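Written out below as structure tokens is the structure these notes cover.
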Amino acid sequence: MMLLREDGFEEKRAEKALNMLLVDRKNEFRELAEVLFKNVPASMNPIPNWEKFILNFCLDVNKAFKTWSGQLQLSPNSDLKALTILRQLSRDKSSMIQMTHLLNIAYDLAEEFKIIYKRIE
Numbered sequence: 001m002m003l004l005r006e007d008g009f010e011e012k013r014a015e016k017a018l019n020m021l022l023v024d025r026k027n028e029f030r031e032l033a034e035v036l037f038k039n040v041p042a043s044m045n046p047i048p049n050w051e052k053f054i055l056n057f058c059l060d061v062n063k064a065f066k067t068w069s070g071q072l073q074l075s076p077n078s079d080l081k082a083l084t085i086l087r088q089l090s091r092d093k094s095s096m097i098q099m100t101h102l103l104n105i106a107y108d109l110a111e112e113f114k115i116i117y118k119r120i121e
């Protein structure tokens, strides 16, 4: 889980936290996967480690929100990352409410992951 290492997460603890999160939040992971993997070629199905990919995406959304809300400084690629996130989640949506629903799911999954991660020793 490359991004997790960049954010200072230890691999074994992160793996355990992800597995614990999946027990209760598997449906939310699947909902995001349906949107993010919609145009993935059939040759890549099933995507290996798709749960880790979704978690990394959620952590990106979480970090982007902190940038948007002024809690973090802008980075050189903040604008591109924000547009990419919004474009991925808004694909085939007919309203902002549908997109913000997915943003909320991603943000909440990242927050729950961090809480679980902190509690694991």
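Using my numbering, the letters of the sequence shown map in sequence onto residues 1 to 121.
By construction, the Cβ of each residue, glycine as well, lies at the ideal position given by its N, Cα and C atoms.
Here the structure is a predicted model, which is why all the values come from computation and not from measurement.
| Item | Value |
| --- | --- |
| Same chain only: Cβ atoms within 8 Å of E111, ignoring 5 sequence neighbours per side | N62 |
| Cβ neighbours of F9 in the same chain (closer than 7 Å, five flanking residues each side left out) | Y117 |
| Reference E11, options Q88, N56 and E31, closest by Cα | N56 |
| Reduced DSSP secondary structure (H/G/I, E/B, other) of R91 | coil |
| Run of the alpha helix (DSSP H) containing L109, from where it starts to where it stops | M96 to R119 |
| Residue environment, M97, which counts as buried when at least 16 other CB atoms sit within 10 Å | Looking at the sequence provided, one finds Ile at residue 97 rather than Met. Burial call: exposed. |
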